[in-house]
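Novice:
2 protein chains.
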Amino acid sequence: MSAVRVFEAAARHQSFTRAAEELGMTQAAVSYQIKILEDRVGAPLFNRLPRQVTLTAKGRQLAPAVTEAFEALRNAFSGVEDAVQSVLSLTTLSTFASNWLVPRLGRFRLLHPNIAVQISVSTEIVELVRSEFDIGIRSGTGDWPGLETQMLFPNQFIPVCSPDLLQGVDMREPIDILKLPLISPGDPWWQDWFAAAGEPNVDLSRRPDNSLGVQQLEGMAAIAGQGVALINPFFFPEDLASGRLVKPFDLLATTDRSYWLVYPKARRRSAKVEAFRDWVLSEVAGDSEAAACRADTKTGA
Amino acid sequence: MSAVRVFEAAARHQSFTRAAEELGMTQAAVSYQIKILEDRVGAPLFNRLPRQVTLTAKGRQLAPAVTEAFEALRNAFSGVEDAVQSVLSLTTLSTFASNWLVPRLGRFRLLHPNIAVQISVSTEIVELVRSEFDIGIRSGTGDWPGLETQMLFPNQFIPVCSPDLLQGVDMREPIDILKLPLISPGDPWWQDWFAAAGEPNVDLSRRPDNSLGVQQLEGMAAIAGQGVALINPFFFPEDLASGRLVKPFDLLATTDRSYWLVYPKARRRSAKVEAFRDWVLSEVAGDSEAAACRADTKTGA
DNA sequence: TTGATCCATAAGGCTGCCTTATGCCAGCCC
DNA sequence: GGGCTGGCATAAGGCAGCCTTATGGATCAA
Chain A
5 MSAVRVFEAA ARHQSFTRAA EELGMTQAAV SYQIKILEDR VGAPLFNRLP
55 RQVTLTAKGR QLAPAVTEAF EALRNAFSGV EDAVQSVLSL TTLSTFASNW
105 LVPRLGRFRL LHPNIAVQIS VSTEIVELVR SEFDIGIRSG TGDWPGLETQ
155 MLFPNQFIPV CSPDLLQGVD MREPIDILKL PLISPGDPWW QDWFAAAGEP
205 NVDLSRRPDN SLGVQQLEGM AAIAGQGVAL INPFFFPEDL ASGRLVKPFD
255 LLATTDRSYW LVYPKARRRS AKVEAFRDWV LSEVAGDSEA AACRADTKTG
305 A
Chain B
5 MSAVRVFEAA ARHQSFTRAA EELGMTQAAV SYQIKILEDR VGAPLFNRLP
55 RQVTLTAKGR QLAPAVTEAF EALRNAFSGV EDAVQSVLSL TTLSTFASNW
105 LVPRLGRFRL LHPNIAVQIS VSTEIVELVR SEFDIGIRSG TGDWPGLETQ
155 MLFPNQFIPV CSPDLLQGVD MREPIDILKL PLISPGDPWW QDWFAAAGEP
205 NVDLSRRPDN SLGVQQLEGM AAIAGQGVAL INPFFFPEDL ASGRLVKPFD
255 LLATTDRSYW LVYPKARRRS AKVEAFRDWV LSEVAGDSEA AACRADTKTG
305 A
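Going line by line, the protein sequences match chains A and B.
Plus 4 on top of the position in the first sequence (first one is 1) and you've got this note's numbering.
Plus 4 on top of the position in the second sequence (first one is 1) and you've got this note's numbering.
1. Just confirm the distance between the C-beta atoms of B/ARG108 and B/GLU287, as a whole number of angstroms; I'd bet it's less than 8 Å.
2. Excluding five sequence neighbours on each side, which residues of the same chain lie with their C-beta closer than 6 Å to the C-beta of A/LEU41?
3. What residue range is occupied by the uninterrupted alpha helix (DSSP H) comprising A/LEU77?
4. Buried or exposed for A/PRO163, going by 16 or more other Cβ atoms inside 10 Å?
5. With a threshold of 8 Å between beta carbons, is A/GLU85 in contact with chain B?
6. Does B/SER98 come out as helix, strand or coil in the three-state DSSP assignment?
7. Checking contacts by CB at 8 Å: is A/GLY46 closer than that to chain B?
8. In the DSSP assignment, what are the bridge partners of B/TYR36?
9. Below 8 Å, how does it come out for the stretch 244-258 of chain B and the stretch 164-175 of chain B: are there three or more Cβ pairs, yes or no?
10. What does the alpha-carbon distance come out to for the pair B/GLY46 and A/VAL88?
11. Use the C-beta contact count for A/THR30: other C-beta atoms within 10 angstroms, 16 or more gives buried, fewer gives exposed.
12. Nearest chain B C-beta to A/ARG16 closer than 8 Å, yes or no?
13. B/TYR36: which of B/PRO117, B/ARG9 and B/VAL121 sits nearest, CA to CA?
14. With a CB to CB cut of under 8 Å and the five nearest residues on each side skipped, what residues in its chain are close to B/VAL173?
15. Please identify, using Cβ separations under 8 Å, the residues of the stretch 162-184 of chain A that lie next to chain B, in order along the chain.
16. Check whether the stretch 62-82 of chain A touches the stretch 47-54 of chain A, taking contact to mean three or more Cβ pairs, one atom from each stretch, closer than 8 Å.
17. Find the residues of chain A that neighbour B/ALA13, judging by a C-beta separation of less than 7 Å, and give them in chain order.
18. Using a Cβ-Cβ cutoff of less than 8 Å, which residues in the same chain neighbour A/ALA275 once the five nearest sequence positions on both sides are dropped?
19. Within 8 Å of any Cβ in chain A, is that where the Cβ of B/GLY304 sits?
20. Could you tell me which chain A residues have their CB closer than 7 Å to the CB of B/LEU109, listed as they occur along the chain?
21. Would you please state the rounded distance, in angstroms, between the beta carbons of A/ALA80 and B/ALA69? I believe it to be under 8 Å.
22. Could one say the Cβ of A/ARG55 lies closer than 8 Å to chain B's Cβ atoms, at least one of them?
23. Run down chain A in chain order and give the residues with a C-beta less than 7 Å from the C-beta of B/ARG22.
24. When you compare the CB of B/LEU66 with every CB in chain A, is at least one pair closer than 8 Å?
25. Considering only the alpha carbon of each residue, which of A/GLU136, A/ASN118, A/ALA13 and A/GLN56 lies closest to B/LEU59?
26. Within 10 angstroms of its Cβ, does B/SER292 collect 16 or more other Cβ (buried), or is it exposed?
27. Strictly below 9 Å CB to CB, what residues from chain B border A/LYS251?
28. Spatial neighbours of A/LYS3 within its chain, please: C-beta separation below 8 Å, excluding the five flanking residues on both sides.
29. Counting only beta-carbon atoms, is A/ALA73 nearer than 8 Å to chain B?
30. Between B/GLY83 and the ligand HEM, is the CB less than 7 Å from at least one heavy atom?
31. Taking Cβ to Cβ, would you say B/GLY231 is nearer than 8 Å to B/ILE187?
32. Who are the Cβ neighbours of B/THR21 in its own chain at under 7 Å, not counting the five residues just before and after it?
33. From which residue to which residue does the alpha helix (DSSP H) around B/VAL8 run?
34. Spell out the partners DSSP gives B/PHE161 in its beta bridges.
35. Show which residues of chain A have a CB atom less than 9 Å away from the CB atom of B/VAL8.
36. When you compare only the Cα positions, how much space is there between A/GLU72 and A/ALA24?
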């Protein structure tokens, strides 16, 4: 089979030496391969003239078809390889996509205009090691065998709501939150947050469970004044900075889970993967700086 | 490169196991090759599902083009291989072609209707070992390295002429031939024949040298009554049998050379070569029988 | 004649491919 | 539900085939 490849090059160059150069091997190897192919075909494909080789009749019959076939192969593979180089496909959690990634993606496109990003949103964790995705964003503890992992930010929660909702409500202790409607009260993180706030025995089971299940929507509901949502502040930096969302209590409930950027170890050398990873990490670093800055101005005020 | 071949089969079958069967290797080898190709392309080409594999998007993009390219290759090679199988090309000496081979070729075509014979006539000895010819007919001593050789018949000479030419000529001893015009008196075999006849010192240098150089033409000239030609009786069996040519003396000059059928050792297993060789040998055997038969009838008469 | 170029060939080493053996996973069937 | 089967992955190991180096032959050019 590789003999065919050698033949193709030799036929194009009408020279074993040039073909060897093109293929990065020695002239002897070309001669060897051509002989293999001739034995296999049962007839000589080249006339050996003193200082050159020329195609025999059968060689001339073969050469154009072979070259054409290899052109087709080259085109097909280069097409796919271009796609592989220029399309980065990632699977991500819904809220990360809508509240973190998509708003910033324009900057990535500016940095890397030749890399197209395909986002697939899914709640389930897809098997990344042998999937078609280059990168995944997932929440967990970071121990995924076979995957390179980069922690992005912790999975923390804090209750937020619209400032209007607090009007006239006496909000002194965390338990006072229960005076307001909760968004997704069935979310078990609520129990954890109240526990972290020193109220381990809050019973939310009798509240109507209008769970939205997706932080993005919960945050939107909170902004709309429909109640108190438990959200990760990393996903609502603008709303918190602008005051559209306020924190009744500055108590973050921390979890053992974080958001991670992961990708198969096998593809860690891929340029597009490196580019995207570095960009995400720089964005996360920017977030932390901004958060620190806001904290400073707040304490300063 | 061979990984592409494996991919093509696997994509067609949508199964590594079937592909392995088709290619005559193990399923493990297919798996190995596909992995090689995927690493090289930088993206998976198959989705590994529980009891089957399916093409990924990139695999689907690749498969048709690859299959098409391989079809083209297969067609090109099978076309050439058919030609190799069905066309027997031979290089032969002019007289052998015209006076021996061509008149009998019809029988070969009847025996092997699927083998086409291409005859190339040349006086020079072409290098057979790596030429495009499958078979050669040459005159010599039979020591050609790298060639399989089959002796056909000896290179013997005997003077012949038209019976009309002998009218009124006293033809008792070989030297009497010189009373008649010689065809191609410059032919050195004349000297040899006279030497064999006990006349080593015949001087032919002063005769006009109207050499024809080709026995066929010399024989035709003799039949036409233009003189005495020195010919190989194997080439004129009909003319001798019918009496169009007669032998003034039944003295064959033998030489150390013979006519040989030769072919490259490398192609001795080729069906067409074997078929042609066997046919030629059977024809030669038939000649000998016929000659023996004629000799019998002559002595019987 | 000498040098340069191009191909063939022989010898030898090493890589890479294939096989064998085993494990895993899921579906199927009793 | 527990074997059983079918399909693929993986590891280990051996061997073949490919490539390289080195050399020779043949021709052309200077």
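By construction, the Cβ of each residue, glycine as well, lies at the ideal position given by its N, Cα and C atoms.
Since we're looking at a predicted model, the values are computed, not measured.
Specialist: Checking against the coordinates, here is how it stands:
1. That belief holds up - the Cβ atoms of B/ARG108 and B/GLU287 are roughly 6 Å apart, short of 8 Å.
2. If you ignore the 5 residues before and after A/LEU41, its C-beta comes within less than 6 Å of the C-beta of ALA7 and PHE11, all in its own chain and listed in chain order.
3. Here the alpha helix (DSSP H) through A/LEU77 covers 61-90.
4. With 16 or more neighbouring CB atoms inside 10 Å of its own CB, A/PRO163 falls in the buried class.
5. Judged by the 8 Å Cβ criterion, A/GLU85 is in contact with chain B.
6. Here B/SER98 sits in helix by DSSP.
7. Yes, A/GLY46 counts as interfacial toward chain B.
8. None; B/TYR36 has no bridge partner.
9. A contact exists between the stretch 244-258 of chain B and the stretch 164-175 of chain B.
10. Cα-Cα distance, rounded: 7 Å.
11. Within a 10 Å sphere around the beta-carbon of A/THR30 sit fewer than 16 other beta-carbons, which makes this residue exposed.
12. Chain B, which has no Cβ nearer than 8 Å to the Cβ of A/ARG16, makes this no.
13. Nearest in C-alpha terms to B/TYR36, of all of B/PRO117, B/ARG9 and B/VAL121, is B/ARG9.
14. The residues are ASP180, LYS183 and LEU184.
15. Hits within the stretch: zero.
16. Enough Cβ pairs lie closer than 8 Å, so yes.
17. Per Cβ cutoff of 7 Å: no residues; B/ALA13 is ~12 Å from chain A at best.
18. Here the set comprises GLN89.
19. Confidence at B/GLY304 is low in this model, with a pLDDT of 44, below 50, so its placement is unreliable and no value can be given for it.
20. Neighbours of B/LEU109 on chain A: none; closest Cβ ~21 Å, over 7 Å.
21. About 4 Å separates the two Cβ atoms, so the contact holds.
22. Residue-level contact check: A/ARG55 does not touch chain B, since none of the beta carbons of chain B fall below 8 Å from its beta carbon.
23. Listed along chain A is no residue with a C-beta nearer than 7 Å to that of B/ARG22; the closest approach is about 19 Å.
24. Yes, its Cβ sits closer than 8 Å to a Cβ of chain A.
25. Closest in alpha carbon position to B/LEU59, among A/GLU136, A/ASN118, A/ALA13 and A/GLN56, is A/GLU136.
26. Residue environment: B/SER292 is assigned as exposed (fewer than 16 neighbouring CB atoms within 10 Å of its CB, all protein chains considered).
27. Listed along chain B, no residue sits closer than 9 Å to A/LYS251 by beta-carbon distance, the nearest being about 44 Å off.
28. Because chain A is modelled from 5 through 305, residue 3 of chain A falls outside the range shown and cannot be assessed.
29. Yes, because at least one Cβ of chain B sits closer than 8 Å to the Cβ of A/ALA73.
30. Among the ligands in the structure shown, none appear at all, so the ligand HEM cannot be discussed.
31. With contacts defined by Cβ atoms closer than 8 Å, B/GLY231 and B/ILE187 form a contacting pair.
32. Counting only Cβ-Cβ distances below 7 Å, and skipping sequence neighbours, we find GLN31.
33. Segment 6-17, the alpha helix (DSSP H) holding B/VAL8.
34. As computed with DSSP, B/PHE161 is found in a beta bridge with B/ALA257.
35. Within 9 Å Cβ-Cβ: MET5, LEU77 and PHE81.
36. For A/GLU72 and A/ALA24, the gap between their C-alpha atoms comes out near 20 Å.
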